[in-house]
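Data block below; observations after.
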Amino acid sequence: MRSGAPVRIRGLAAVYIALAAFAIGCGGGGTAGGSDTSDEDAATTSAPQPRERLPETVQTLGIDATEYAFEIDPDELEGLEAGWTRLEFDNVGQEPHQVMFARIKDGVDMAELAAAGANDSSGAGAIEFVDMIGGVSYIGPGQQTTALVDLTEGPVLAMCYVPDRNGVAHALLGMSTTLTVAGGSASPDPAGADGAGEEVLGTFELAEDGYQVPDPLDAGWYKVENTDTALHELSLLELGATVDEAEAGLLVEDLAANRTPEVELEAVGGMGAISPGFEGYLHLDLEDGDYLAVDFMPDPGEPRPHMLDGYWALFSTGDA
Numbered sequence: 000m001r002s003g004a005p006v007r008i009r010g011l012a013a014v015y016i017a018l019a020a021f022a023i024g025c026g027g028g029g030t031a032g033g034s035d036t037s038d039e040d041a042a043t044t045s046a047p048q049p050r051e052r053l054p055e056t057v058q059t060l061g062i063d064a065t066e067y068a069f070e071i072d073p074d075e076l077e078g079l080e081a082g083w084t085r086l087e088f089d090n091v092g093q094e095p096h097q098v099m100f101a102r103i104k105d106g107v108d109m110a111e112l113a114a115a116g117a118n119d120s121s122g123a124g125a126i127e128f129v130d131m132i133g134g135v136s137y138i139g140p141g142q143q144t145t146a147l148v149d150l151t152e153g154p155v156l157a158m159c160y161v162p163d164r165n166g167v168a169h170a171l172l173g174m175s176t177t178l179t180v181a182g183g184s185a186s187p188d189p190a191g192a193d194g195a196g197e198e199v200l201g202t203f204e205l206a207e208d209g210y211q212v213p214d215p216l217d218a219g220w221y222k223v224e225n226t227d228t229a230l231h232e233l234s235l236l237e238l239g240a241t242v243d244e245a246e247a248g249l250l251v252e253d254l255a256a257n258r259t260p261e262v263e264l265e266a267v268g269g270m271g272a273i274s275p276g277f278e279g280y281l282h283l284d285l286e287d288g289d290y291l292a293v294d295f296m297p298d299p300g301e302p303r304p305h306m307l308d309g310y311w312a313l314f315s316t317g318d319a
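Take the sequence shown: its letter number 51 is residue 50 in numbering that gives the first Met the number 0, and every next letter is one higher.
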């Protein structure tokens, strides 16, 4: 795995940690020369820790995205339950789409929120009024992806902030809706029973010093947690060619300016924006190749995306 921006990404540190963990896991073995392993050494050998498992879900939402609306099943106005919710997201449109969820903070007036977000395709004006609780980062036409999000009681906004060719966020073109979420009293969701309890293979940490990307990235479920003090998104892009860090920096500049990069990119999902202290889960089945993770999110009141400040990472899967 290769790291991205040199200041924010700790690629070598991850290698050192992995090597240290390997050494600890191999501790307690025989010494050079063929001496027998003592009972004391065997007793102190660390046993492998069990992996985290997916939380039980209370419901499944099927979400179809098109230009410029969501079709949600069950109906978002009929009343959903608070708790972990499985998202089955399908882009049936002709443009890239995402779905991000935002909990409106207590005491916030809806008119104030609407005024803050009006004509703002960056979302920077409205961020201070909401907690972003995850979702699905953008995928291309004809693609599907699955994630888990912890819906909170009260009104929850579902929206797509992918820009069109003119730089206008889809949410400003009508691609947003409000979910009605009741208190969490539902029984476990039978439709999501197949995924409940599955092993979580690793964690994407959205840390102060950048993305911490698990290695390897086998097909399966991954946790995404924001341990920083700023809002972040995990947007995953498959690269059509291998690039170095300087070339990746140019790609990031193109993405931030809504320009088409010279290197072909395919949006393969990830986790929608999550506020500090929040977490979610996503299912990945990435083909072997080179990838770029980027953060389109800005700080409150400042439309500049974090990726322009170094919040991006290059990584590879398989033998790439």
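Beta carbons: idealized from backbone N, C-alpha and C, even for Gly. Owing to the predicted nature of the structure, the values given are computational and were not obtained by experimental measurement.
Inter-residue CB distance, residue i and residue j (contact presumed, cutoff 8 Å)
i	j	result
Gly116	Gly124	6 Å
Leu60	Glu87	7 Å
Val155	Leu171	In fact, because the Cβ distance is near 19 Å, the residues do not count as touching under 8 Å.
Glu321	Tyr290	Outside the modelled stretch of the chain, which goes from 0 to 319, sits residue 321, for which no answer is possible.
Gly141	Glu265	11 Å between Cβ atoms; not a contact.
Through-space distance from residue j to residue i, alpha-carbon basis
i	j	result
Glu197	Ala272	24 Å
Val98	Val212	22 Å
Ala68	His96	10 Å
Ile23	Leu235	Because the pLDDT of Ile23 is 31, which lies under 50, any placement of that residue in the model is unreliable, and the number read from its coordinates should be weighed accordingly. Approximately 32 Å, taken between the alpha carbons.
Gly288	Gly248	19 Å
Gly78	Gly173	21 Å
Phe295	Val57	30 Å
Asp267	Asp227	Here residue 267 is Val; the residue named in the question, Asp, does not match the sequence. Whole-angstrom Cα-Cα distance: 24 Å.
Pro302	Tyr160	13 Å
Arg9	Asp74	Only weak support is given to the placement of Arg9: the predicted model assigns it a pLDDT of 31, under 50, and the question is left unresolved by the model.
Thr241	Leu283	21 Å
Val262	Val251	11 Å
Gly300	Pro49	42 Å
Asn165	Glu51	43 Å
Gly133	Trp83	11 Å
Val293	Val199	22 Å
Ala206	Thr176	30 Å
Leu150	Gly122	20 Å
His305	Gly219	28 Å
Tyr222	Arg85	Rather than Tyr, the amino acid found at residue 222 in this sequence is Lys. In a straight line, the C-alpha of Lys222 is about 14 Å away from that of Arg85.
Ser2	Phe314	Unreliable positioning characterises Ser2 in this predicted model, as indicated by a pLDDT of 36, which lies under 50. The coordinate reading is nonetheless provided below. If I take the Cα positions, the gap works out to 6 Å.
Val148	Gly279	5 Å
Glu246	Tyr210	19 Å
Pro260	His169	21 Å
Ala146	Met158	16 Å
Leu307	Pro297	10 Å
Per-residue burial, residue i [other beta carbons within 10 Å of its own, 16 or more giving buried]
i	result
Lys104	exposed
Asn118	exposed
Ala312	buried
Ala110	exposed
Glu204	buried
Ala101	buried
Gly276	exposed
Asn90	buried
Glu232	buried
Glu286	exposed
Gly92	buried
Pro215	exposed
Ala81	buried
Asp130	buried
Thr316	buried
Ala64	buried
Asp318	exposed
Gly182	exposed
Ala113	exposed
Ala256	exposed
Gly201	buried
Any non-hydrogen atom of the ligand MN closer than 7 Å to residue i Cβ
i	result
Glu94	As far as ligands go, the structure on display features none, and thus does not contain the ligand MN.
Paired residues, beta bridge with residue i - DSSP
i	result
Gly153	Val180
Thr59	Arg85
Met158	Met99, Ser175
Met270	Val135, Leu233
Asp130	Arg102
Arg50	Its beta-bridge partners do not exist; DSSP assigns none.
Glu198	Arg52
Ala125	Paired residue(s): none; Ala125 is not in a bridge.
Leu264	Leu238
Where residue i falls: helix, strand or coil (DSSP)
i	result
Phe295	coil
Leu307	helix
Asp253	helix
Phe69	strand
Glu77	coil
Gly116	helix
Gly248	helix
Ala110	helix
Ala206	strand
Ala64	strand
Ala218	coil
Phe314	strand
Cβ of residue i within 8 Å of any chain C Cβ
i	result
Arg85	Absent from the structure is chain C; it holds one protein chain and no more.
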